[in-house]
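For the sequence shown, position 116 matches number 116 in UniProt numbering, and the numbering has no gaps at all.
Every residue gets a Cβ at the ideal spot worked out from N, C-alpha and C, and that includes glycine.
Computed from a prediction, not measured in an experiment: that's the story for all the values here.
Below you'll find the structure, written out as structure tokens, and then a few comments.
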Amino acid sequence: MPAANQDGANSWRGRLVAVVFAFLIWGGWALVANWHSDPTHALMAGLLQGTFSGILTLLMAMAVTTLFRRLPDNPLRMLLPALLIVSVSFTLLYLLHSWHQTPALWQTIIPPSSMAFAYCLFLSVRLHREARALTLNNETP
Numbered sequence: 001m002p003a004a005n006q007d008g009a010n011s012w013r014g015r016l017v018a019v020v021f022a023f024l025i026w027g028g029w030a031l032v033a034n035w036h037s038d039p040t041h042a043l044m045a046g047l048l049q050g051t052f053s054g055i056l057t058l059l060m061a062m063a064v065t066t067l068f069r070r071l072p073d074n075p076l077r078m079l080l081p082a083l084l085i086v087s088v089s090f091t092l093l094y095l096l097h098s099w100h101q102t103p104a105l106w107q108t109i110i111p112p113s114s115m116a117f118a119y120c121l122f123l124s125v126r127l128h129r130e131a132r133a134l135t136l137n138n139e140t141p
């Protein structure tokens, strides 16, 4: 059995669980953050945020890995993937929630964007450590 199937984070089941959690957590957060205004707007904000968070969860690790591997080996290599991915996702969230006229716009998008940044940064640091370990192993006689 391939290692990817044994690793929960890399299996389709693991990815599906992550997507469902992202949908429930951040969709639920948007629902609560906007509930004071109008339940209909709050529900729509929750569905928008949950759906976007689920999709982003699927794409984020792949995007960080791709960007990390394409950047030159310097300290910015760990920071740039997180900055680029979260800048794009934050802008898309802002546009989506503005279009929907989400009442608590900033309260809706700042917490999930902050967590996305932290997650992307974590992935970049992990990739950096793996690359460094491979380099050290290859230099050993």
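Closest by CA to Pro112, which one among Ile55, Gln49 and Asn34?
Sequence index remark: in the sequence shown, residue 112 carries index 112 (1-based). Comparing Cα-Cα distances from Pro112 to each of Ile55, Gln49 and Asn34, the minimum goes to Gln49.
Three-way DSSP call (helix, strand, coil) for Gln101 in this model:
Residue 101 sits at position 101 when you count from the first residue of the sequence shown. Coil, per DSSP.
Taking the alpha carbon of Ser114 as the reference point, which residue from Ile85, Thr65 and Leu24 has its own alpha carbon closest?
For the purposes of this step, residue 114 is taken as the residue at position 114 of the sequence shown. The shortest Cα separation from Ser114 among Ile85, Thr65 and Leu24 belongs to Ile85.
Short of 8 Å in beta carbon distance, which residues of its chain neighbour Leu92, apart from the five on each side in sequence? Order them along the chain.
Numbered from 1 along the sequence shown, position 92 holds the residue referred to as residue 92. Excluding positions up to five away in sequence, the list reads Phe52.
Given Asn137, which residues of its chain have a CB within under 8 Å of its CB, disregarding the five upstream and five downstream residues?
For the purposes of this step, residue 137 is identified with residue 137 of the sequence shown, where counting begins at 1. Cβ neighbours of Asn137 beyond the five flanking positions: none.
On the DSSP letters alone, give me the boundaries of the alpha helix (DSSP H) that Pro39 sits inside.
Looking up residue 39 in the sequence shown gives position 39. Here the alpha helix (DSSP H) through Pro39 covers Pro39 to Arg70.
Judging by CA-CA distance, which residue of Ile109, His36 and Thr57 is the nearest neighbour of Phe21?
Taking the sequence shown and counting its residues from 1, one reaches residue 21 at position 21. Considering only alpha carbons, the answer is Thr57.
Is the CB-CB distance between Ala61 and Ser124 below 8 Å?
If you number the sequence shown from 1, residue 61 lands on position 61. If you number the sequence shown from 1, residue 124 lands on position 124. Taking 8 Å as the Cβ cut-off, Ala61 and Ser124 do not qualify as a contacting pair.
Evaluate contact between the segment 22-30 and the segment 41-48, counting only Cβ atoms and requiring at least three cross-stretch pairs below 8 Å.
yes
Contact set for Ala104: own chain, Cβ-Cβ below 6 Å, skip 5 residues either direction
The sequence position of residue 104 within the sequence shown is 104, counting from 1. Closer than 6 Å at the Cβ level, and outside the excluded window around Ala104, lie Ala33 and Asn34.
Take Leu59 as the anchor and find which of Thr40, Leu79, His36 and Ala116 has the nearest alpha-carbon.
The count along the sequence shown starts at 1 and reaches residue 59 at position 59. The option with the nearest alpha carbon to Leu59 is Ala116.
Rounded to whole angstroms, what is the Cα-Cα separation between Arg15 and Leu71?
Locating residue 15 in the sequence shown gives position 15, where the first residue counts as 1. Locating residue 71 in the sequence shown gives position 71, where the first residue counts as 1. If you take the alpha carbons of Arg15 and Leu71, they lie about 26 Å apart.
Take Val19 and list the residues in its own chain whose beta-carbon comes closer than 7 Å to its own, dropping the five residues that flank it on each side.
Start at 1 with the first residue of the sequence shown, and residue 19 comes out as number 19. If we look at Val19 and ignore the five residues flanking it on each side, its Cβ neighbours are Gly54, Thr57 and Leu58.
Whole angstroms are fine: how far does the CA of Cys120 sit from the CA of Gly87?
Looking up residue 87 in the sequence shown gives position 87. Looking up residue 120 in the sequence shown gives position 120. Note that residue 87 is Ser in the sequence shown, not Gly. Taking the straight line from one Cα to the other gives about 12 Å.
Along the chain, where does the alpha helix (DSSP H) containing Trp29 start, and where does it finish?
Numbered from its first residue, the sequence shown carries residue 29 at position 29. It spans Trp12 to Asn34 - the alpha helix (DSSP H) in which Trp29 sits, taken as one unbroken run.
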